[in-house]
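**Q** Each residue of the sequence shown is one higher than the one before, counting from 112 in the working numbering. Positions of the beta carbon are idealized from the N, C-alpha and C atoms, including for glycine. Nothing here was measured: the structure is a model prediction, and the numbers come from that model. Can you read through this structure? Questions will come right after.
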Amino acid sequence: MKICFISNGSFIHVKPYIDFFKIRGYDVSLIAITPPTIDFDIPVYSAWVGNSDKYKKNGYKKWTYFFSVIKAKKLIRILNPDIVHAHYVTSGGLVAWILNHPKTVLTAHGSDVNTNTGSIFWKFLLRLIFNQAKIINVVSSDLGKKVHQSFNVPTQKIVNINVGIDYNKYFIQRSELDTKSLGLNIICNRSFEAVYDHQTIFNSLKELKNRNIPFKATFLGDGSTKEQCIDFALQNDLNKNIVFLGKVNNNKQPEIFKQHNIYISASLSDGTSLSLLEAMTSGLLPVVSNIEANRLIFNGSSTPYMFNPRDYMKLADILEEIYRNGNIEQRVILDNQSIVASIGDRTKNMNLIDSIYKNLSPTYST
112 MKICFISNGS FIHVKPYIDF FKIRGYDVSL IAITPPTIDF DIPVYSAWVG
162 NSDKYKKNGY KKWTYFFSVI KAKKLIRILN PDIVHAHYVT SGGLVAWILN
212 HPKTVLTAHG SDVNTNTGSI FWKFLLRLIF NQAKIINVVS SDLGKKVHQS
262 FNVPTQKIVN INVGIDYNKY FIQRSELDTK SLGLNIICNR SFEAVYDHQT
312 IFNSLKELKN RNIPFKATFL GDGSTKEQCI DFALQNDLNK NIVFLGKVNN
362 NKQPEIFKQH NIYISASLSD GTSLSLLEAM TSGLLPVVSN IEANRLIFNG
412 SSTPYMFNPR DYMKLADILE EIYRNGNIEQ RVILDNQSIV ASIGDRTKNM
462 NLIDSIYKNL SPTYST
């Protein structure tokens, strides 16, 4: 089977799909609509417009995707794929809509939908994009509701399958000794962007310092708000408690997770967060924002370790309580790992995507 993926060349979440179906033996290619910054290890075809150095310096403008279609149309005729699978509806999805391949699968990842439901322009355009695709893959049930309700997409076209994680790679069996008297060793690996609201985390850490609660916090990744956070840490004398590691290869993260016991995310909105699934599998206690996407991971319920978005005082209260108690219940860790094994195992979830491909291309159903 020939599968052609369409996405930004820097979109890391498309790589697990590519890797899985390459290993499965399919003929996999990628049409990149911005210059690749990732080693995809498959044929990658350029459909971006302009100078790649300017992309690196100034970023990309969404209007350029319309011109990417001209190149993409020629490539699709040459590649003649059985399936076109476009990722991120406001970029890859936009290109796929204009290409109008008869067997198009479209994956919405969260922020591409969440940040555009209030825009009249995008609401109109996304209706057209969703209408053209044969299947809309969402990564959480919350996202599926928004696609159905906000864009009038029939429920029979929507499937809820998150990409999942490599469960065995992240799994850490923590003993009772591991969960006692560890203090607050905090880690966050969300990118420094406004939707992940790092400022709430830093405000809570400042509050912990004011309460004389000892802690260590490690931040992975980069992004547009990182310098602001670094300045805040320096201005509030938090630099001795905080480490900024920058971008860390995904394969090295499990070893870093072993050195911590608490995972924090203050996300304002999300799909099924792979970062959260990885943290739960690694035996980290998740202290996360009380948003629907996070509640759905925990069977639709909030947990004692959730705080309302932007409520840094509640976050500080939760962290102080963990510190005062002096241990994390091992039962909570085991329950969290069981949840991920059920809903977030990559092999299981990618097999479901494979079934979708085969249903669209019956020739390959056996």
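Could you pull out every residue in the same chain whose Cβ sits closer than 6 Å to the Cβ of Thr175, ignoring the five residues on either side in sequence?
**A** Taking the sequence shown and counting its residues from 1, one reaches residue 175 at position 64. Val160, listed in sequence order.
**Q** Pick helix, strand or coil for Asp138, following the three-state DSSP scheme.
**A** Residue 138 sits at position 27 when you count from the first residue of the sequence shown. Three-state result, Asp138: strand.
**Q** Quick one: is Arg108 buried, meaning 16 or more other Cβ sit within 10 Å of its Cβ, or exposed?
**A** Residue 108 lies beyond the stretch modelled for the chain, which goes from 112 to 477, so this question has no answer here.
**Q** Thinking C-alpha only, which one of Asn119, Lys113, Tyr128, Ile402 is nearest Leu463?
**A** Along the sequence shown, one-based indexing puts residue 463 at 352. Closest by alpha carbon: Tyr128.
**Q** Which whole runs of the beta strand (DSSP E) in the stretch 272-357 are 3 residues long or more, in chain order?
**A** Fully enclosed beta strand (DSSP E) runs of 3 or longer: 296-299, 327-331, 353-357.
**Q** Count the other CB atoms within 10 Å of the CB of Leu385; is the residue buried (16 or more) or exposed (fewer)?
**A** Sequence index remark: in the sequence shown, residue 385 carries index 274 (1-based). Under this definition Leu385 is a buried residue.
**Q** Comparing alpha-carbon positions, which option in Gln448, Asn401, Thr474 lies nearest Asn279?
**A** Along the sequence shown, one-based indexing puts residue 279 at 168. Comparing Cα positions, the closest option is Gln448.
**Q** Rounded to the nearest angstrom, what separates Gly229 and Ile269 at their Cα positions?
**A** Position 118 of the sequence shown, counted from the start, is the residue given in the question as residue 229. Position 158 of the sequence shown, counted from the start, is the residue given in the question as residue 269. Distance between the alpha carbons of Gly229 and Ile269: 21 Å.
**Q** Could you check whether Val306 and Leu226 sit closer than 9 Å to each other, using their CB atoms as the reference points?
**A** Residue numbering aside, residue 226 sits at position 115 when the sequence shown is read from its first letter. Residue numbering aside, residue 306 sits at position 195 when the sequence shown is read from its first letter. Per the sequence presented here, residue 226 reads as Thr, with Leu not at that position. A contact, by the Cβ cut-off of 9 Å.
**Q** How big is the Cα-Cα spacing for Val139 and Lys113?
**A** Here residue 139 refers to the residue found at position 28 of the sequence shown. Here residue 113 refers to the residue found at position 2 of the sequence shown. Answer to the nearest angstrom: the Cα atoms are 6 Å apart.
**Q** Taking just the CA atoms, how far does Arg188 sit from Gly357?
**A** Against the sequence shown, residue 357 aligns to sequence position 246. Against the sequence shown, residue 188 aligns to sequence position 77. Rounded to whole angstroms, Gly357 to Arg188 spans 41 Å at the Cα level.
**Q** The alpha helix (DSSP H) with Leu396 in it runs from where to where?
**A** Position 285 of the sequence shown, counted from the first residue, corresponds to residue 396. First-last for Leu396: 396-400, but that is the beta strand (DSSP E), not the alpha helix (DSSP H).
**Q** Determine the direct distance from the alpha carbon of Gln284 to that of Ala452, and round the result to whole angstroms.
**A** Sequence index remark: in the sequence shown, residue 452 carries index 341 (1-based). Sequence index remark: in the sequence shown, residue 284 carries index 173 (1-based). The alpha-carbon atoms of Ala452 and Gln284 are separated by roughly 14 Å.
**Q** Within its chain, find whatever has a CB closer than 7 Å to the CB of Asp277; leave out the 5 residues flanking it on each side and keep chain order.
**A** Here the question's residue 277 lines up with position 166 in the sequence shown. Hits under 7 Å: Arg457.
**Q** Which one of Gly120, Ser121, Phe132 has the shortest CA to CA distance from Lys469?
**A** Numbered from 1 along the sequence shown, position 358 holds the residue referred to as residue 469. Checking every option, the nearest Cα to that of Lys469 belongs to Phe132.
**Q** Put Phe418 into one of helix, strand or coil per three-state DSSP.
**A** Against the sequence shown, residue 418 aligns to sequence position 307. Strand at Phe418.
**Q** Please tell me whether Ile209 and Cys115 are closer than 9 Å, where the distance is taken between their beta carbons.
**A** By one-based count along the sequence shown, residue 209 stands at place 98. By one-based count along the sequence shown, residue 115 stands at place 4. Not in contact: Ile209 and Cys115 (Cβ atoms no closer than 9 Å).
**Q** So who's on the other strand from Lys113, going by DSSP bridges?
**A** Taking the sequence shown and counting its residues from 1, the one referred to as residue 113 is at position 2. Lys113 pairs with Asp138.
**Q** Are at least three pairs of beta-carbons, each pair with one atom in the stretch 292-302 and one in the stretch 331-346, less than 8 Å apart?
**A** Verdict: yes, contact present.
**Q** Considering only residues of the same chain and omitting the five flanking positions on each side of Ala377, which have a CB-CB separation below 6 Å?
**A** Counted from its first residue, the sequence shown places residue 377 at position 266. Same-chain partners within the cutoff: Asp308, Thr311, Ile312, Ser400.
**Q** Using the Cβ count rule (16 or more neighbours within 10 Å means buried), how would you classify Asp152?
**A** In the sequence shown, residue 152 corresponds to position 41, counting from 1. Flag for Asp152 reads exposed.
**Q** Classify Asn438 as helix, strand or coil using the three-state DSSP reduction.
**A** Sequence index remark: in the sequence shown, residue 438 carries index 327 (1-based). DSSP places Asn438 in strand when its eight states are reduced to three.
**Q** Helix, strand or coil: which one does DSSP assign to Ala197?
**A** Counting from one through the sequence shown, the residue named residue 197 turns up at place 86. Of the three classes helix, strand and coil, the one that applies to Ala197 here is strand, per DSSP.
**Q** Hey, could you find the ends of the beta strand (DSSP E) Ser376 is sitting in?
**A** For the purposes of this step, residue 376 is taken as the residue at position 265 of the sequence shown. Here the beta strand (DSSP E) through Ser376 covers 373-376.
**Q** For Val160, which three-state DSSP category applies?
**A** As a working mapping, residue 160 is identified with position 49 in the sequence shown. Note: Val160 maps to coil in three-state DSSP.
**Q** Can you tell me where the beta strand (DSSP E) holding Ala219 begins and where it ends?
**A** Start at 1 with the first residue of the sequence shown, and residue 219 comes out as number 108. Residues 215-219.
**Q** Between which residues of its own chain and Ser413 is the CB-CB distance below 7 Å, once the five residues before and five after are set aside?
**A** For the purposes of this step, residue 413 is taken as residue 302 along the sequence shown, with counting starting at 1. Closer than 7 Å at the Cβ level, and outside the excluded window around Ser413, lie Asn401, Arg406.
**Q** Identify every residue that forms a DSSP beta bridge with Ala143.
**A** Your numbering for residue 143 matches position 32 in the sequence shown. For Ala143, which the question treats as bridged, DSSP gives the partners Ser118, Ser157.
**Q** Round the Cβ separation of Ile297 and Phe326 to the nearest angstrom and send it over; I've been treating them as touching at under 8 Å.
**A** If you number the sequence shown from 1, residue 297 lands on position 186. If you number the sequence shown from 1, residue 326 lands on position 215. Confirmed, Cβ separation roughly 6 Å.
**Q** So, helix, strand or coil for Val270, using DSSP?
**A** Counted from its first residue, the sequence shown places residue 270 at position 159. DSSP places Val270 in strand when its eight states are reduced to three.
**Q** Is DSSP giving Val250 helix, strand or coil here?
**A** For the purposes of this step, residue 250 is identified with residue 139 of the sequence shown, where counting begins at 1. In the structure shown, Val250 sits in coil (DSSP, three-state: anything other than H, G, I, E or B).
**Q** Hey, would you say Val200 sits closer than 9 Å to Phe241, going by beta carbons?
**A** By one-based count along the sequence shown, residue 200 stands at place 89. By one-based count along the sequence shown, residue 241 stands at place 130. Yes, the Cβ-Cβ distance between Val200 and Phe241 is below 9 Å.
**Q** Under 8 Å: do the stretch 237-251 and the stretch 423-443 share three or more Cβ pairs, one atom per stretch?
**A** The stretch 237-251, when compared against the stretch 423-443, does not touch it at the 8 Å Cβ threshold.
**Q** Taking Phe262 as the reference, give the member of Asp342, Asn271, Val224 with the closest Cα.
**A** Translated into the one-based positions of the sequence shown, residue 262 becomes position 151. Ranking the options by Cα distance to Phe262, first place goes to Val224.
**Q** Only counting the same chain, and skipping five residues up and downstream in sequence, which positions put a Cβ closer than 6 Å to that of Pro420?
**A** Within the sequence shown, numbered from 1, the residue matching residue 420 stands at position 309. Correct list, in chain order: Leu379, Ser400.
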